[in-house]
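Report on one structure; see the data block that follows.
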Amino acid sequence: MTTADRFRAAVERRDLTALGDLFTDDIRFYSPVKFTPFEGKPMVVGLFGVLLRTFEDDFRYIGHLDGAAQTSADGTEVPSVVLLFRATVRGKQIHGMDLLQFDQDGLIKEFTVMVRPQSAVQALGEAVLAGLVADGLAPAPAPASADH
């Protein structure tokens, strides 16, 4: 079973421990709603905890594309995989893909999520931020100032 297969199975079981076992310690998670990546295994596992709670019960992977091998910093070729998914967040249908890039040991080193449409991206971003704040992984946003 490949790392991508194990990842998909762990997501379907909502098994955070199994997910964490698939990540490098310095994993970088690129989100469609945040410019800078989430970094490090503890943060990314925490983020997945929020994501698994955020998606409604219809989250499902619908496709798997094997990417071309990429050359890592040490010159080793490592594979990448794209997993296509569908889900609902706050009543919005999401079409998305997860790009998994592996290190030379087969662990997930970079994870990039792309989703559409824009209204779903906004709903997902709001829901994830609320979950990160609730779990103590992100500070509460500052209240908007009112012009008087």
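So the mapping is simple: the working numbering equals the position in the sequence shown, first residue as 1, plus 471. Each residue gets a CB set at the ideal place from its N, CA and C atoms; glycine is no exception.
Checklist entry - Curious, which full-length alpha helix (DSSP H) runs of at least 4 residues does the region 535 to 579 contain? => result Runs of the alpha helix (DSSP H) inside the region 535 to 579: none found.
Checklist entry - Does the distance from the CB of residue 592 to the CB of residue 584 come in under 7 Å? => result In this structure, residue 584 does not lie closer than 7 Å to residue 592 by Cβ.
Checklist entry - Rounded C-beta distance between residue 525 and residue 602? I'm assuming under 8 Å. => result Going by Cβ atoms, the distance from residue 525 to residue 602 rounds to 6 Å, so yes, they are a contact pair.
Checklist entry - Which of helix, strand or coil does DSSP assign to residue 500? => result Residue 500 falls in the strand class under three-state DSSP.
Checklist entry - On the three-state DSSP scale, how would you describe residue 509? => result If DSSP states are grouped into helix, strand and coil, residue 509 belongs with the strands.
Item to check | Cα-Cα separation, residue 494 to residue 562 | outcome: Each residue's alpha carbon lies about 30 Å from the other.
Next on the checklist: Helix, strand or coil, according to DSSP, for residue 585 in the structure here?
Outcome noted: In the structure shown, residue 585 sits in a strand (DSSP, three-state: E or B).
Item to check | Span of the alpha helix (DSSP H) around residue 488 | outcome: Element bounds for residue 488: 487 to 491.
Next on the checklist: Let me confirm a value: residue 505 is counted as buried when at least 16 other C-beta atoms fall within 10 Å, else exposed. Which label applies?
Outcome noted: Exposed, because fewer than 16 other Cβ atoms sit within 10 Å of the Cβ of residue 505.
Next on the checklist: Taking 8 Å as the cut-off, does the region 513 to 530 touch the region 545 to 558 (at least 3 CB pairs, one atom from each stretch)?
Outcome noted: Contact between the region 545 to 558 and the region 513 to 530 is present: three or more C-beta pairs spanning the two stretches fall below 8 Å.
Item to check | Through-space distance from residue 519 to residue 499, alpha-carbon basis | outcome: Near 13 Å, if we compare the C-alpha coordinates of residue 519 and residue 499.
Checklist entry - When DSSP labels each residue in this structure, what does residue 478 get in the three-state scheme? => result Looking at residue 478 - three-state DSSP - the assignment turns out to be helix.
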